[in-house]
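Inspection log for the structure reproduced underneath, given as structure tokens.
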Amino acid sequence: MEGDGAIPRPVPTGRSTKADTGRLFDPQRTTPAVVEILGQPWTGKTRLLHRILDDARKQGWSVAHAAAGPAAGAAPYQLFSDAFDEIFADRAGTVLRNLPSTCRQVLGGVFPALDLTAGPAPAPGPVAPGPMGSALRQAVRGLTESSGLVLALDDVHWADPASLDLLESLVRRPPDARLVIVVAHRDRQSPLRLRGLLASVPGTHRIELGPLPEPELDALLPEGTARPLRRALTGRAGGNPGLLLALAAAPRAYGGTAPDAPGLTPFTRFLEEFRAVTGDGWLVAQSAAVLGDAFTLHELRSLTELPAERLADAVAELLREDIVRPGELADQYRFRNSLLRATAYHSTSERWRLAAHTAATGLVPLPAPCAHGQAGPVPHRTPVADRVRSGLLPRPADHTCAPGDGTLLYAQRVRTGKALVVAGRPSEALDVLDRTASPGTEVPLVLRAEAAEWRARAQRLLGRYALAESLLDAVRPDVAGEPEALALIDLARLAAALERGTPLPGGAPPAARWATDRSDPLARAYAGALLGAQDADAGRTAQATARLDGVAALLDGLDDTALVGRLDPLYWLARSLARLEQDAAAARHFERGLGIAAAHELDHLVPQFATGLAEVRLRLGRVDLAIESGHRAMRAADRIGSDCLLAEAGAGLARAAWIGGDRAAALREAREAARRAEAWREPWADRVRLSLLETTFDTGDQELCRELLSTGTVRRAASFPVVSMVPAVAEVLARLEGERRGSATEAGRWATVAEEAAGRLRLPGATGLALLARAHHHRVTDPLRAAVFASSAVVTLTRAGRPLDVVRAHLAVAAAWAGIDSAVARRQLDEAQVLLRDRGAHGYLDHTDDLATSAPAQSADARLARLSSREREISVLVSDGCTNQQIARALRLSHKTVETHLGRIFKKLDVGSRAQVATSIGRAARFTDARFADRPTPVGASDQLA
Numbered sequence: 000m001e002g003d004g005a006i007p008r009p010v011p012t013g014r015s016t017k018a019d020t021g022r023l024f025d026p027q028r029t030t031p032a033v034v035e036i037l038g039q040p041w042t043g044k045t046r047l048l049h050r051i052l053d054d055a056r057k058q059g060w061s062v063a064h065a066a067a068g069p070a071a072g073a074a075p076y077q078l079f080s081d082a083f084d085e086i087f088a089d090r091a092g093t094v095l096r097n098l099p100s101t102c103r104q105v106l107g108g109v110f111p112a113l114d115l116t117a118g119p120a121p122a123p124g125p126v127a128p129g130p131m132g133s134a135l136r137q138a139v140r141g142l143t144e145s146s147g148l149v150l151a152l153d154d155v156h157w158a159d160p161a162s163l164d165l166l167e168s169l170v171r172r173p174p175d176a177r178l179v180i181v182v183a184h185r186d187r188q189s190p191l192r193l194r195g196l197l198a199s200v201p202g203t204h205r206i207e208l209g210p211l212p213e214p215e216l217d218a219l220l221p222e223g224t225a226r227p228l229r230r231a232l233t234g235r236a237g238g239n240p241g242l243l244l245a246l247a248a249a250p251r252a253y254g255g256t257a258p259d260a261p262g263l264t265p266f267t268r269f270l271e272e273f274r275a276v277t278g279d280g281w282l283v284a285q286s287a288a289v290l291g292d293a294f295t296l297h298e299l300r301s302l303t304e305l306p307a308e309r310l311a312d313a314v315a316e317l318l319r320e321d322i323v324r325p326g327e328l329a330d331q332y333r334f335r336n337s338l339l340r341a342t343a344y345h346s347t348s349e350r351w352r353l354a355a356h357t358a359a360t361g362l363v364p365l366p367a368p369c370a371h372g373q374a375g376p377v378p379h380r381t382p383v384a385d386r387v388r389s390g391l392l393p394r395p396a397d398h399t400c401a402p403g404d405g406t407l408l409y410a411q412r413v414r415t416g417k418a419l420v421v422a423g424r425p426s427e428a429l430d431v432l433d434r435t436a437s438p439g440t441e442v443p444l445v446l447r448a449e450a451a452e453w454r455a456r457a458q459r460l461l462g463r464y465a466l467a468e469s470l471l472d473a474v475r476p477d478v479a480g481e482p483e484a485l486a487l488i489d490l491a492r493l494a495a496a497l498e499r500g501t502p503l504p505g506g507a508p509p510a511a512r513w514a515t516d517r518s519d520p521l522a523r524a525y526a527g528a529l530l531g532a533q534d535a536d537a538g539r540t541a542q543a544t545a546r547l548d549g550v551a552a553l554l555d556g557l558d559d560t561a562l563v564g565r566l567d568p569l570y571w572l573a574r575s576l577a578r579l580e581q582d583a584a585a586a587r588h589f590e591r592g593l594g595i596a597a598a599h600e601l602d603h604l605v606p607q608f609a610t611g612l613a614e615v616r617l618r619l620g621r622v623d624l625a626i627e628s629g630h631r632a633m634r635a636a637d638r639i640g641s642d643c644l645l646a647e648a649g650a651g652l653a654r655a656a657w658i659g660g661d662r663a664a665a666l667r668e669a670r671e672a673a674r675r676a677e678a679w680r681e682p683w684a685d686r687v688r689l690s691l692l693e694t695t696f697d698t699g700d701q702e703l704c705r706e707l708l709s710t711g712t713v714r715r716a717a718s719f720p721v722v723s724m725v726p727a728v729a730e731v732l733a734r735l736e737g738e739r740r741g742s743a744t745e746a747g748r749w750a751t752v753a754e755e756a757a758g759r760l761r762l763p764g765a766t767g768l769a770l771l772a773r774a775h776h777h778r779v780t781d782p783l784r785a786a787v788f789a790s791s792a793v794v795t796l797t798r799a800g801r802p803l804d805v806v807r808a809h810l811a812v813a814a815a816w817a818g819i820d821s822a823v824a825r826r827q828l829d830e831a832q833v834l835l836r837d838r839g840a841h842g843y844l845d846h847t848d849d850l851a852t853s854a855p856a857q858s859a860d861a862r863l864a865r866l867s868s869r870e871r872e873i874s875v876l877v878s879d880g881c882t883n884q885q886i887a888r889a890l891r892l893s894h895k896t897v898e899t900h901l902g903r904i905f906k907k908l909d910v911g912s913r914a915q916v917a918t919s920i921g922r923a924a925r926f927t928d929a930r931f932a933d934r935p936t937p938v939g940a941s942d943q944l945a
């Protein structure tokens, strides 16, 4: 039985089958029919076939049913022999009564129930398809005398050649009987002959099982499945119901819900897919699983050491069985899905896997970035990637590793785990590195620290920072007696805390400071860059700048070859310079690190470098380049399979896409980033949500905006520990409160938060964002004051070299002046348009054009001229904050008359509140001072006006 039948699940509902199978079993039917069920593996073909057979039995039809197995182990006509075995045994008399003797001899050699000879039957000899087809047609007529017959053949893509010949004979020249032939097969694995046969027969009922709609797919999951996991599973399943439930039943390490279990046990259900694979094919599948998601023939040849012809046959076999498929590049292949790869991978022993991983590191450049230690001497002519990689490969002694030598096996696990992390395969690395959690007493402390460091690094790549920190904290007391081992652990703890966005308890650990005095310049640079990053995040700008200047000078003095495998210092330097608003320098270091990482396939570092580069390029106003870097980060993060890296890269790409004018892409990337961060309560997930808020607000995605706010992100942002990011976060929240909710109190609170952080940082960009946050606070209640703050932000952000933030400040000035003097607002919009030209910021440019088009055509002077003298007097008193009763006493009018005048003022000025009257008229100094200098002061209002 094929895989989709072996996985228990509900019958899919609502799927169009393109054929009404119920009409096939009409009691009045007298002509034969053919039904073809085809589709990808695990889409429910077997389940649908059994449902058809149940319908047939309810209508009184007889059933002959069988599934094919791999042709290599099948006898001729095996599929038909299995199908008719039971029904021929039950009704042999009826069948034989109507069969000529020649037909009995032909059928007796294949169907034991029809063999009347005494004694054991001899092995059947080859029978020509013509006589066999004619004889079987005669037998079928006998079976259909009293009732119709359904011949159901499953997994026909595996049928033996003789069975295919017989099927063709029956389909092309069916017997004159009530016969329905149902053929289920996988279209990608079926021979062309079978597909051509079924396509050429007139009147065939074709049922193609395509992807299920997402709502129906989601309904197959258990009710208790969390929403984020539902989205992840349905997304990976691609509409395939069997694959969905297989993924859900897989261990958590593979994105499923089942508890992680060692070895092959969780994957035994998928061994069925490999039953047609020969020994060479199985070896190639296992070797390919070690190589990773994508592999080439060259890599397989080096790892399996099979002759070229046998390797080609084995790969062709895996392609034919749809276990692997062609990749995106020439000579590249991939497994059909991750579960098949995991099955092949875990079918091997640990020692075989370690040896295979070790051999694989010689096929692709997998250098190992380390904070300490140097690779052994290598001849100068050796390529740099090989020179660094030599630190990963086993020492000669490793090849004689005895089963009881735990230290050497431990060291091999560490090196293999490091290689997998560097290759961007953290989940697989943890399969190896988790076996280093309980070292023997003979394992050196430095090696134990190295194992813990790389276990934590793998967890960090997957976004599990709290777990990474706990792993390091657990091993720290054990290695405290060895300074180098302690430095490895403390530097890893500091890196994890910085990436997570939480301060390390007790500040910088002494062991990290100890590392700054090492003789190895890259070890000093790594420790210095981490300590500088800690100072920058905490708002110690001067201290961070001084420390990072030294790190930059050290790294700039080294050529790229010296940095291969030691790129961490460069990343932390670039990241910290970006936090210190040195964006041009940060971009230069990010570009250098990204180039080295890409050239030497350091896949685990590419997403971080590309995401950081996209961020600083966007701040510098290089929108097209930022989008390019964002896409590169997404591709690299997708290869790693990390929600954390994908969400952070996606949030940045969504912002860049909106600014670049691609609103659809911005909406799509923002929603996907939010989905990936949905289930996480790590600080990085809050960073993603906060960065998405402005994009969702600008794109008008109010539903997502509400979802982001409902997670408590804003509440947690009030105690955001990374001071260098607070002004940007608070400015966004002040704008959100000021515009979306109209809450001046909350907007003012966030403006205060931004001002306090900017006061600690003393950086022009942070100060400019704090000014802009205060402008958002005053926008509705005091537009002129908002315009003053926004204008100051224009000057400060210009000095900081942030053109797109300057544009936002110009827009804030224009919004403040829009209700006072449209001419001033238009000038601000013109300034913004000039800044946006030739930057690729088409989204901002279109938004600015829309604001300019919709700006009020009348200035405040023109609107004021429409009011009568009495209405102008009342409007000015309203702007001074007077109540209707105070205005009535001051102008000696009745309360009712004041209300009537206010109604006319609202209508002429096209406003709906007293605050808008003040915004439009009262705060313009030339109106209040020049035209109403002698206006009366309301009784009882002198204290308020003072």
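Residue 0 is where the sequence shown starts when you use numbering that gives the first Met the number 0, and the numbers rise one by one after that. All C-beta atoms, glycine included, are put in the ideal place defined by N, C-alpha and C.
#1: State the DSSP-derived secondary structure class of Tyr-76, mapped to helix, strand or coil.
#2: Are Val-687 and Ala-650 touching if we call contact CB-CB under 7 Å?
#3: Do the region 788–796 and the region 764–777 make contact, defined as three or more Cβ pairs closer than 8 Å?
#4: Check for me: the alpha helix (DSSP H) holding His-894 runs from which residue to which?
#5: Just list the residues that DSSP pairs Arg-324 with in beta bridges.
#6: By DSSP's criteria, Leu-166 is part of a beta bridge. Which residues make up the other side?
#7: Quick check on the burial criterion: 16 or more other C-beta atoms within 10 angstroms. Buried or exposed for Pro-119?
#8: Name the two residues that bound the continuous alpha helix (DSSP H) containing Val-725.
#9: Can you tell which of His-156, Ala-151 and Ala-161 has its C-alpha closest to the C-alpha of Met-131?
#10: State the DSSP-derived secondary structure class of Thr-780, mapped to helix, strand or coil.
#11: Let's test the definition: count the other Cβ atoms within 10 Å of the Cβ of Asp-555 and tell me whether it reaches 16, buried, or not, exposed.
#12: Would you check if the region 80–92 and the region 104–114 touch, i.e. whether three or more CB-CB distances between them fall below 8 Å?
#13: Looking at C-alpha atoms only, which residue of Ser-145, Pro-482, Gly-280 and Lys-44 is the closest neighbour of Val-94?
#14: Does the region 750–765 come within contact of the region 533–550, defined as at least 3 CB pairs closer than 8 Å?
#15: How would you label Gln-533, buried or exposed, when you count the other beta carbons within 10 angstroms and need 16 or more for buried?
#16: According to DSSP, is Asp-433 part of a helix, a strand, or is it coil?
#17: Could you give the distance in angstroms between the alpha-carbon of Ser-868 and the alpha-carbon of Ala-663?
#18: Between Ala-510, Ala-514, Ser-199 and Leu-493, which lies nearest to Pro-504 when the distance is taken from Cα to Cα?
#19: As a quick exercise: from Arg-268, Leu-529 and Asn-239, pick the residue whose alpha carbon is nearest that of Pro-250.
#20: What three-state label does DSSP hand Ile-886 in the structure shown?
#21: Should the region 575–593 be called in touch with the region 405–418, which here means at least 3 C-beta pairs below 8 Å?
#22: Less than 7 Å between the beta carbons of Arg-675 and Ala-648, yes or no?
#23: Are any of the Cβ atoms in chain B nearer than 7 Å to that of Cys-102?
#24: Excluding the five sequence neighbours on either side, which residues of its own chain have a C-beta within less than 7 Å of the C-beta of Gly-291, listed in chain order?
#25: Excluding sequence positions up to five away, which residues of its chain have a Cβ less than 6 Å from the Cβ of Glu-898?
#26: Taking all protein chains shown into account, do 16 or more other C-beta atoms lie within 10 angstroms of the C-beta of Asp-558, making it buried, or fewer, making it exposed?
#27: Does His-603 come out as helix, strand or coil in the three-state DSSP assignment?
#28: Would you call the CB atoms of Phe-266 and Thr-342 closer than 7 Å?
#29: Am I right that Ala-746 and Ala-733 are in contact with their C-beta atoms under 8 Å? What's the rounded C-beta distance?
#30: Report the rounded CA-to-CA distance for Val-474 versus Ala-526, giving the unit in angstroms.
#31: Do the region 447–466 and the region 564–579 make contact, defined as three or more Cβ pairs closer than 8 Å?
#32: Let me check understanding here. Comparing Cα to Cα, which of Ser-690, Val-725, Leu-666 and Val-731 lies closest to Gln-701?
#33: With distances taken from CA atoms, which of Leu-242, Lys-417 and Glu-308 is nearest Arg-335?
#34: Between which residues of its own chain and Arg-136 is the CB-CB distance below 6 Å, once the five residues before and five after are set aside?
#35: Just to confirm the assignment: which complete alpha helix (DSSP H) runs, minimum length 4, are found wholly within the region 32–59?
#36: According to the neighbour-count rule (16 or more other Cβ atoms, all chains shown, within 10 Å of its Cβ), is Gln-27 buried or exposed?
A quick look at the data gives this:
#1: coil
#2: yes
#3: yes
#4: 894–908
#5: Arg-333
#6: Partner(s): none; Leu-166 has no beta bridge.
#7: Low per-residue confidence applies at Pro-119: pLDDT is 47, beneath 50, and the placement is therefore not dependable, though the value from the model is reported in the following sentence. The residue in question, Pro-119, is exposed, as its Cβ has fewer than 16 Cβ neighbours within 10 Å.
#8: 725–734
#9: Ala-161
#10: coil
#11: exposed
#12: yes
#13: Each of Ser-145, Pro-482, Gly-280 and Lys-44 was checked against the Cα of Val-94, and the nearest Cα belongs to Ser-145.
#14: yes
#15: By the neighbour-count rule (16 or more Cβ atoms within 10 Å), Gln-533 is buried.
#16: helix
#17: 51 Å
#18: The shortest C-alpha separation from Pro-504 is found at Leu-493.
#19: Arg-268
#20: helix
#21: no
#22: no
#23: This model lacks chain B altogether, as it is built from one protein chain only.
#24: Ala-422 and Arg-424
#25: none
#26: Burial state of Asp-558 is exposed, judged by a 10 Å Cβ sphere holding fewer than 16 other Cβ atoms.
#27: coil
#28: Taking 7 Å as the Cβ cut-off, Phe-266 and Thr-342 qualify as a contacting pair.
#29: 5 Å
#30: The alpha-carbon atoms of Val-474 and Ala-526 are separated by roughly 20 Å.
#31: no
#32: Leu-666
#33: Leu-242
#34: Pro-174
#35: 44–57
#36: exposed
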